[in-house]
Structures are given as C-alpha cells and as structure tokens.
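**Q** The opening position of the sequence shown corresponds to residue 909 in the numbering used here, with each subsequent residue numbered one higher.
Don't be surprised by glycine CBs; every beta carbon is placed ideally from N, CA and C.
Computed from a predicted model, the values in this text were never measured in an experiment.
Quick one: the structure is below, and I'll ask about it shortly.
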Amino acid sequence: IWFTIEATILYRQAQNGVPTSPMRLFHGSISYLTVLFLAVAVDALIPIAFFG
C-alpha cells in the first residue's frame, strides 16, 4: 500500500511540474525488498521443529 501511495504522489507531482525526488521512492522500495528477502531467508533457515 505504501509503495502505491508514494508512486501515485510522485506521478501527480511529475504531471504538475512540481520538482520530485524519485530516488526517495527507489530507496524505499529497495529497502523493503531487502527486508522481505532477509525474512524469507531466515524463515528457510529456521527449522520448523523449533516452533513446536
């Protein structure tokens, strides 16, 4: 949801000629993907038996 809102704001600003900072959206999305992939990797490394 965050990405969609930020992308829409960036798009509207660009359409209206307002100076934009697309790198802010880019860095946020890269950070989100990094955390997501780390969570998937940790989940794969932790044995299921550990939780019960």
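Along the chain, where does the alpha helix (DSSP H) containing I938 start, and where does it finish?
**A** Counting along the chain, the alpha helix (DSSP H) containing I938 begins and ends at P930 to L953.
**Q** Express the C-alpha separation of A947 and T928 in angstroms, rounding to a whole number.
**A** Cα to Cα, T928 sits roughly 31 Å from A947.
**Q** Just how far apart, CA to CA, sit L933 and D951?
**A** Distance between the alpha carbons of L933 and D951 is about 27 Å.
**Q** My assumption, with CB atoms under 8 Å, is that P930 sits in contact with L918. Please give the rounded CB distance.
**A** 6 Å between Cβ atoms; contact.
**Q** Under a three-way DSSP split, which group does I909 fall into?
**A** If DSSP states are grouped into helix, strand and coil, I909 belongs with coil.
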